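Engineer: Per my numbering, the sequence shown starts with residue 131, numbered consecutively.
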Amino acid sequence: MSDVNPCISKDIWFEILKCLPVKTLGKCRCVCKSWHSLIISETFMPAHLKHYTQNGANSLLLHKDISKSKCTKTRDYEECSIYLDSTQLINGNILHTSVFPFALDICFWPSFTLVGSVHGLLCLSDSARVFVWNPLLQKCIKLPASMSTENFPVLGFGFDDNKNDHRVVKISYCHRNNESTTTPLLVEVYSVQERTWKNISPDYLINNSINNVSFSQCFLKGVVHWLTPHSKYILLFNVIKETFDKMKLPEDIVKMGTGDFGIFEHRQKLAVSYCDYLCLDLDFDIWFRCQIWIKQDYNDGSSWCRILNVGYWHDCHHTGPVQFLGKNDELIGFAKESNCQMMFYDLKTEKTKEIGLLISQSTKFCAFSESLVLLDQNIDQRYI
Numbered sequence: 131m132s133d134v135n136p137c138i139s140k141d142i143w144f145e146i147l148k149c150l151p152v153k154t155l156g157k158c159r160c161v162c163k164s165w166h167s168l169i170i171s172e173t174f175m176p177a178h179l180k181h182y183t184q185n186g187a188n189s190l191l192l193h194k195d196i197s198k199s200k201c202t203k204t205r206d207y208e209e210c211s212i213y214l215d216s217t218q219l220i221n222g223n224i225l226h227t228s229v230f231p232f233a234l235d236i237c238f239w240p241s242f243t244l245v246g247s248v249h250g251l252l253c254l255s256d257s258a259r260v261f262v263w264n265p266l267l268q269k270c271i272k273l274p275a276s277m278s279t280e281n282f283p284v285l286g287f288g289f290d291d292n293k294n295d296h297r298v299v300k301i302s303y304c305h306r307n308n309e310s311t312t313t314p315l316l317v318e319v320y321s322v323q324e325r326t327w328k329n330i331s332p333d334y335l336i337n338n339s340i341n342n343v344s345f346s347q348c349f350l351k352g353v354v355h356w357l358t359p360h361s362k363y364i365l366l367f368n369v370i371k372e373t374f375d376k377m378k379l380p381e382d383i384v385k386m387g388t389g390d391f392g393i394f395e396h397r398q399k400l401a402v403s404y405c406d407y408l409c410l411d412l413d414f415d416i417w418f419r420c421q422i423w424i425k426q427d428y429n430d431g432s433s434w435c436r437i438l439n440v441g442y443w444h445d446c447h448h449t450g451p452v453q454f455l456g457k458n459d460e461l462i463g464f465a466k467e468s469n470c471q472m473m474f475y476d477l478k479t480e481k482t483k484e485i486g487l488l489i490s491q492s493t494k495f496c497a498f499s500e501s502l503v504l505l506d507q508n509i510d511q512r513y514i
């Protein structure tokens, strides 16, 4: 590091730089060759990721629908805005705005699914394609075709701590028939580091439940979790061991209606949400309600605790399953029915507030941590 300051050792620069945000590190790479080499080194990236993960430096990612898209005759691009935290969202202070790095199929609405967010990478999917993307670095990997040709498989996104490797899990049918419970399943796992798919033998327990698995998933404690609300349990996939298991849902959740269920991680704890509408009078006024449960002890099935029970709000609608709580326990992901303005609800003060952003059913939220993953990858940045 002598080309910057000979009085400061490489180890000290390492500790200083690992605390900086991704956008700042991008500029630091241009300062000198030694900083550039340090930032893209194999030891620096995991250290930077660990620092931001341990310090809870979670951002909020807001996926905005095509109301502000850049459109051409043949392609449709969507934008997302990344906010430092929910407080910045409320104040309208955008950390970063990105245009999705691939063309979207305008025949589908919403245009694609936000599968999940793990350690700075997003997993996105439309009808047949799957992408892994770092929105701050504008680097994206389009996953190669796998053995399955099914258009709507169940997808999961996780991380192998032992190998520092992001993984995409794909569960699909080998073929469809009327006896879906006996249809052979195909389970494939994609390694972002190795850029390859591999097949694994599915456990017997998922064969009878795959029809009930929702697209709502989260990654916690090395395990991908999928909701199976009508089957009374959560389906689990251990990313390191590559094995499936089950987790029981509490009866209070199982007996809920046919609304939207969501599953997410909140402060290193597993959370499940439920939202629906209710028509309470002959004027067809719609009322919105929401409930959230937290599992206080991951290994204790009796530790589920309901932390939110809102029922009922008038002139409100939700934008899909609740899969995110703000840094200060704000409920985000619903809007005023009359003007589609985004709102948030403070669990502590039990008050709501309009934020001033227009949202729709295709608006999506998730926790997001800054990371340098894919920085050292030579990836073509042109639209796919």
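For every residue, glycine included, the Cβ atom is placed at its ideal position computed from N, Cα and C.
Remember, predicted model here, so these are calculated numbers, not experimental data.
Which residues bound the beta strand (DSSP E) around glutamate 172?
Structural biologist: Counting from one through the sequence shown, the residue named residue 172 turns up at place 42. Premise fails: glutamate 172 is in no beta strand (DSSP E) and is neither H nor E.
Engineer: If you compare alpha carbons, which of Gln421, Phe374, Asp476, Tyr428 is closest to methionine 386?
Structural biologist: In the sequence shown, residue 386 corresponds to position 256, counting from 1. It is Gln421 whose Cα lies nearest to the Cα of methionine 386.
Engineer: Enumerate in chain order the residues of its own chain whose CB-to-CB distance from lysine 457 is below 6 Å, with the five nearest sequence positions on each side excluded.
Structural biologist: As a first step, residue 457 must be located in the sequence shown, where it is residue number 327. Asp215, Ser216.
Engineer: Under a CB-based cut-off of 9 Å, is valine 452 close to chain C?
Structural biologist: Of the chains in the structure shown, none is chain C; there is only one protein chain.
Engineer: Excluding the 5 residues flanking glutamate 318 on each side, which residues of the same chain have their C-beta closer than 6 Å to its C-beta?
Structural biologist: What you label residue 318 is simply residue 188 of the sequence shown in a count that begins at 1. Hits under 6 Å: Ser276, Lys300, Trp327, Asn329.
Engineer: So who's on the other strand from aspartate 427, going by DSSP bridges?
Structural biologist: Counted from its first residue, the sequence shown places residue 427 at position 297. Paired residue(s): none; aspartate 427 is not in a bridge.
Engineer: Please report the straight-line C-alpha distance between leucine 488 and tyrosine 407, rounded to a whole angstrom.
Structural biologist: Here residue 488 refers to the residue found at position 358 when the sequence shown is read from its first residue. Here residue 407 refers to the residue found at position 277 when the sequence shown is read from its first residue. Each residue's alpha carbon lies about 20 Å from the other.
Engineer: Please state if the CB of valine 262 and the CB of leucine 273 are separated by a distance shorter than 9 Å.
Structural biologist: Counted from its first residue, the sequence shown places residue 273 at position 143. Counted from its first residue, the sequence shown places residue 262 at position 132. Cβ distance < 9 Å, so leucine 273 and valine 262 count as in contact.
Engineer: Lysine 461 and lysine 425: beta carbons closer than 9 Å?
Structural biologist: Residue numbering aside, residue 461 sits at position 331 when the sequence shown is read from its first letter. Residue numbering aside, residue 425 sits at position 295 when the sequence shown is read from its first letter. Note that residue 461 is leucine in the sequence shown here, rather than lysine. Cβ atoms of leucine 461 and lysine 425: not closer than 9 Å.
Engineer: Which first and last residues belong to the alpha helix (DSSP H) in which isoleucine 595 is found?
Structural biologist: Lying before the first or after the last residue shown, residue 595 is absent from the chain, which here runs from 131 to 514.
Engineer: What is the DSSP secondary structure of asparagine 264, counted as helix, strand or coil?
Structural biologist: The residue labelled residue 264 in the question sits at position 134 within the sequence shown. Note: asparagine 264 maps to strand in three-state DSSP.
Engineer: As a quick exercise: from Cys446, Leu350, Ile370, Phe242, pick the residue whose alpha carbon is nearest that of valine 402.
Structural biologist: What you label residue 402 is simply residue 272 of the sequence shown in a count that begins at 1. Closest by alpha carbon: Leu350.
Engineer: Hey, out of Phe230, Glu480, Gly486, Glu372, whose CA is closest to aspartate 290's CA?
Structural biologist: Indexing the sequence shown from 1 puts residue 290 at position 160. Of Phe230, Glu480, Gly486, Glu372, the residue nearest in Cα terms is Glu372.
Engineer: Count the C-beta pairs between the segment 138-157 and the segment 469-477 that are closer than 8 Å, then say yes if the count reaches three, no if not.
Structural biologist: Contact fails: fewer than three Cβ-Cβ distances are below 8 Å.
Engineer: For glycine 156, which residues does DSSP report across the bridge?
Structural biologist: Residue 156 sits at position 26 when you count from the first residue of the sequence shown. In the DSSP output, where bridge partners are listed per residue, glycine 156 has none listed.
Engineer: Note down the Cα distance separating aspartate 141 from lysine 148, rounded to an integer number of angstroms.
Structural biologist: As a first step, residue 141 is located in the sequence shown; it is residue number 11 there, counting from the start. As a first step, residue 148 is located in the sequence shown; it is residue number 18 there, counting from the start. For aspartate 141 and lysine 148, the distance between alpha carbons rounds to 11 Å.
Engineer: Quick check on DSSP: helix, strand or coil for lysine 148?
Structural biologist: As a first step, residue 148 is located in the sequence shown; it is residue number 18 there, counting from the start. Coil, per DSSP.
Engineer: What is the C-beta distance between valine 369 and glycine 288, in whole angstroms, given that I count them as a contact (C-beta under 8 Å)?
Structural biologist: The residue labelled residue 369 in the question sits at position 239 within the sequence shown. The residue labelled residue 288 in the question sits at position 158 within the sequence shown. Sure, about 4 Å apart at Cβ, within 8 Å.
Engineer: Spatial neighbours of serine 197 within its chain, please: C-beta separation below 6 Å, excluding the five flanking residues on both sides.
Structural biologist: Residue numbering aside, residue 197 sits at position 67 when the sequence shown is read from its first letter. In this predicted model, serine 197 has a pLDDT of only 48, less than 50, meaning its place in the structure is not dependable enough to derive any value.
Engineer: Roughly how many whole angstroms lie between the Cα atoms of lysine 481 and asparagine 292?
Structural biologist: In the sequence shown, the residue the question calls residue 481 occupies position 351. In the sequence shown, the residue the question calls residue 292 occupies position 162. Going from the Cα of lysine 481 to the Cα of asparagine 292 covers about 43 Å.
Engineer: Would cysteine 210 pass as a contact of threonine 227 if the rule is Cβ separation under 9 Å?
Structural biologist: Taking the sequence shown and counting its residues from 1, the one referred to as residue 210 is at position 80. Taking the sequence shown and counting its residues from 1, the one referred to as residue 227 is at position 97. Their beta carbons are under 9 Å apart, which means cysteine 210 touches threonine 227 by this criterion.
Engineer: Around the C-beta of cysteine 405, are 16 or more other C-beta atoms found within 10 angstroms, so that it is buried, or is it exposed?
Structural biologist: Taking the first residue of the sequence shown as position 1, residue 405 is located at position 275. The residue is buried, with at least 16 neighbouring Cβ atoms inside 10 Å.
Engineer: Residues in its own chain within less than 8 Å of glutamine 323 by CB, not counting five upstream and five downstream?
Structural biologist: The residue given as residue 323 occupies position 193 in the sequence shown. Lys293, Asn294, Asp295, His296.
Engineer: Just verifying my parser: in three-state terms, what is the DSSP assignment at serine 216?
Structural biologist: Position 86 of the sequence shown holds residue 216. Here serine 216 sits in helix by DSSP.
Engineer: Between the C-alpha atoms of threonine 74 and asparagine 429, what's the straight-line distance to the nearest angstrom?
Structural biologist: Outside the modelled stretch of the chain, which goes from 131 to 514, sits residue 74, for which no answer is possible.
Engineer: Name, in chain order, the residues that DSSP records as bridge partners for histidine 296.
Structural biologist: Mapped onto the sequence shown, residue 296 falls at position 166. Answer is Phe289.
Engineer: Helix, strand or coil: how does DSSP classify isoleucine 142 here?
Structural biologist: As a position in the sequence shown, residue 142 is number 12, starting the count at 1. In this structure, isoleucine 142 counts as helix in the three-state DSSP scheme.
Engineer: Excluding the 5 residues preceding and the 5 following proline 380 in the sequence, name in chain order all residues of the same chain whose CB lies nearer than 6 Å to its CB.
Structural biologist: For the purposes of this step, residue 380 is identified with residue 250 of the sequence shown, where counting begins at 1. For proline 380, where only same-chain residues beyond five positions count, the Cβ hits under 6 Å are Trp434.
Engineer: With a 10 Å radius around its C-beta and 16 neighbouring C-beta atoms as the bar for buried, classify serine 432 as buried or exposed.
Structural biologist: On the sequence shown, residue 432 is found 302 positions in, with the first residue counted as 1. Serine 432 comes out exposed.
Engineer: Helix, strand or coil, according to DSSP, for asparagine 221 in the structure here?
Structural biologist: Residue 221 sits at position 91 when you count from the first residue of the sequence shown. Three-state result, asparagine 221: helix.
Engineer: Grab me the residues of glycine 486's own chain with a C-beta within less than 8 Å of its C-beta, minus the 5 sequence neighbours each way, in chain order.
Structural biologist: On the sequence shown, position 356 is the one that residue 486 refers to. The residues are Gly222, Gln471, Met472.
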